[in-house]
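Undergrad: Those letters in the sequence shown? Residues 38 to 263, per the working numbering, in order. Using N, Cα and C, we set each Cβ at its ideal position, and we do this for glycine too. Encoded as C-alpha cells, here's the structure I'll be asking about.
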Amino acid sequence: MSQGLFVTGTDTGVGKTLVACALLHAFAARGHSVIGMKPVAAGREYGRYADVDALIAASNVHAQMKLVNPYAFEPPIAPHIAADQLGVTMCLDVMHDAYRALSRQADVVIVEGAGGFMIPLNASETSADLACMLGLPVVLVVGMRLGCINHAMLTRRAIEDQGLACAGWVANTLDGNMLNLKENMIFLSECLEAPLIATIPRLEAPNSFECASYLSLDAMKGASGE
Ligand SMILES: Nc1ncnc2c1ncn2[C@@H]1O[C@H](COP(=O)(O)OP(=O)(O)O)[C@@H](O)[C@H]1O
Ligand SMILES: [Mg+2]
C-alpha cells in the first residue's frame, strides 16, 4: 500500500524542498518507487518552477505534470492572491484527486506544502486543511535561526489541531552562526513531541542527495518505509 508524507515548514525558504527531495532519495534508496508532489507552486523563474523541477528530479517514477503540480502561479506571492488575480479558485478536491492518482503510481508520495502550514489556498481553506484532507503524517522542517521556536511551536499546535500526526521534525541549520543552536534544539526536541529525524548543518552547496544521508527514516513515527 502506498504511503505519503506532508512536508511543511516554519516559513517559506526554510528547506522544505531540500528535505522533501532528501526524503524521496532516502525512500528510493530502500527500493521504493517515489513521487514528489507540489500541489501549489508560486514563483516562476526562467519559465520554470524550481520546487517542481527539484521534486521531479528526485522522483524515480515519471508522473503527469497536472498531477505532480495541479496549480502553478507565475508571481512569487501568496498563492491565493495570485489565484485571485487570475480569477482562479484553487480547489482542494483537485489536489486530493491528484494525490490519489499519484499514490496509485508509487509506493511513496512526498507532498511539499506551499509556504508555511497555515497559508491560505482559497477564501476558506488553508494548507493545513489540505494536509487534513490528504490525511498524511506531517514532517515539520524547522529553519534553525532566531525566532524559530515560536514558529515551530505554532506550527506544531496547528498540526495537532488538524488531528494529524507529526511523523518527525528536521532541524535545518539556516543560520550557521545561530547563538545557542544546541540549546534551541534541546528545547524543541522536548516540546515538539515528535522524533527529530534529521539535523542538517549549514551547507556550502546544499543538495538533497547529500541531505538524505542526514535523515533517519527509522526514527520517523509510523513511516519508516519498511
Ligand atoms: N542547510 C542548508 N544550508 C544551506 N542552504 C540551505 C540549507 N537549507 C536550505 N538551504 C537553501 O535555502 C533556500 C531555501 O530552501 P528550500 O528547500 O527551497 O526552502 P522551502 O522549500 O522551504 O522554500 C535554497 O536556496 C536552499 O538551497
Ligand atoms: Mg519549496
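With L60 and L252 assumed to form a contact (beta carbons below 8 Å), what rounded beta-carbon distance in angstroms separates them?
TA: Between L252 and L60 the Cβ distance is about 7 Å, and since that is below 8 Å, they are a contact.
Undergrad: Look at I186 and G205 and say whether their C-beta atoms are less than 8 Å apart.
TA: Not in contact: I186 and G205 (Cβ atoms no closer than 8 Å).
Undergrad: Tell me which residues share the same chain as L229 and place their Cβ nearer than 6 Å to its Cβ, disregarding the 5 neighbours each side in the sequence.
TA: Contacts found: R193, W206.
Undergrad: Is T49 near ligand 1 - that is, is its Cβ less than 7 Å away from at least one heavy atom of it?
TA: Checking every heavy atom of ligand 1 against the Cβ of T49, one is found closer than 7 Å.
Undergrad: Closer than 6 Å from C-beta to any heavy atom of ligand 2: which residues, in chain order?
TA: Working through the chain, the matches are K53, T54, D88, E149.
Undergrad: Cα separation between H62 and I147?
TA: Approximately 11 Å between the Cα atoms of the pair.
Undergrad: Taking the alpha helix (DSSP H) that F64 belongs to, which residues open and close that run?
TA: F64 -> alpha helix (DSSP H) spans 53-66.
Undergrad: Can you name the start and end residues of the beta strand (DSSP E) that F110 belongs to?
TA: Unbroken beta strand (DSSP E) run through F110: 108-110.
Undergrad: List the whole-angstrom C-beta distance separating S161 from F154, where the pair is believed to meet the contact cut-off of C-beta under 8 Å.
TA: Incorrect: roughly 16 Å between the Cβ atoms, too far for contact.
Undergrad: Just reading off the alpha helix (DSSP H) that N187 is part of, what are its end residues?
TA: Start and end: 185-198.
Undergrad: Once the 5 residues before and after F64 are set aside, which same chain residues still bring their CB inside 8 Å of it?
TA: The residues are V71, D144, V145, I147, L254, G262.
Undergrad: Kindly list the residues whose CB is nearer than 6 Å to the CB of Y108, restricted to its own chain and excluding five residues on each side of it in sequence; keep chain order.
TA: Only V77, M127 meet the Cβ criterion.
Undergrad: With a threshold of 16 other CB atoms inside 10 Å of the CB of S250, please say whether the residue is buried or exposed.
TA: With fewer than 16 other Cβ atoms within 10 Å, it is exposed.
Undergrad: Please classify I196 as buried or exposed, where buried requires at least 16 neighbouring CB atoms within 10 angstroms.
TA: I196 comes out buried.
Undergrad: Closest to D48 by C-alpha separation, out of H117, A231, L191, would be which residue?
TA: The shortest C-alpha separation from D48 is found at L191.
Undergrad: Between the beta-carbon of L139 and the beta-carbon of A189, is there less than 8 Å?
TA: The answer is no: Cβ separation not under 8 Å.
Undergrad: Select from A87, L218, Y83 the residue whose C-alpha is nearest the C-alpha of T54.
TA: The shortest Cα separation from T54 among A87, L218, Y83 belongs to A87.
Undergrad: State yes or no: is the C-beta of E51 within less than 8 Å of the C-beta of L211?
TA: For clarity, residue 51 is Val in the given sequence; the question names Glu instead. Yes; because the gap between Cβ atoms is below 8 Å, this pair is in contact.
Undergrad: Can you tell me which of the three DSSP states I114 falls into?
TA: The answer is coil: DSSP assigns I114 none of H, G, I, E or B.
Undergrad: Following a CB-centred definition, is L252 positioned closer than 7 Å to any heavy atom of ligand 1?
TA: Incorrect: L252 has no Cβ contact closer than 7 Å to ligand 1.
Undergrad: Going by the beta-carbon positions, is the gap between V44 and V176 smaller than 8 Å?
TA: Contact flag set, yes.
Undergrad: Is G264 a contact residue of ligand 1, with contact defined as CB to any heavy atom under 7 Å?
TA: With the chain represented from 38 up to 263, any question about residue 264 goes unanswered, as that position is not in the structure.
Undergrad: Along the chain, where does the alpha helix (DSSP H) that runs through V89 open and close?
TA: V89 -> alpha helix (DSSP H) spans 87-95.
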